[in-house]
Amino acid sequence: MSTQSVNEPYSSIIQQALTKRGHDADDFSRHPQYSAPNYVVRMCTSLTEAVHKAGNQAVTLEQLIRLESTCTGTDYQHKLALRCNRLAQGIGC
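The sequence shown maps to residues 26 to 118 in this note's numbering.
What follows is the structure, given as structure tokens:
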């Protein structure tokens, strides 16, 4: 089993958001509440919903946005998907 399939649906949500970023006029504008690009807030909203579906209802959008900001580098997508998977399992990141 590949690492990507272990981290589904998070990997697919992230990939879709990265592929679509820049298509909407406001994608790179800062969200007024979260001070993150709108495409990041939309992606984190989807990730939060996926974590909730996996059983961890305690995770908030604010937590996911903070978590996303800690994922950098060439393995950004892998780090974020892995950390979302850990959150869904109730394992702290």
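Think of the CB as a built atom: it goes at the ideal place given N, C-alpha and C, for glycine as much as any other residue.
Taking C-beta atoms under 8 Å as the contact rule, residue 54 and residue 102 fail to qualify, at a distance of about 22 Å.
Residue 46 sits in coil when the DSSP states are folded into three classes, being neither helix nor strand. Counting the other Cβ atoms within 10 Å of the Cβ of residue 93 gives 16 or more, which makes it buried. Residue 34 counts as buried, since no fewer than 16 other beta carbons sit within 10 angstroms of its beta carbon. With a threshold of 16 other beta carbon atoms within 10 Å, residue 31 falls short and is exposed. Pairing residue 39 with residue 80, the inter-Cα distance amounts to about 19 Å.
Within the stretch 44-96, the complete alpha helix (DSSP H) segments of 4 residues or longer fall at 63-78 and 86-94, listed in chain order. In this structure, the straight-line span from the alpha carbon of residue 112 to that of residue 89 is close to 9 Å.
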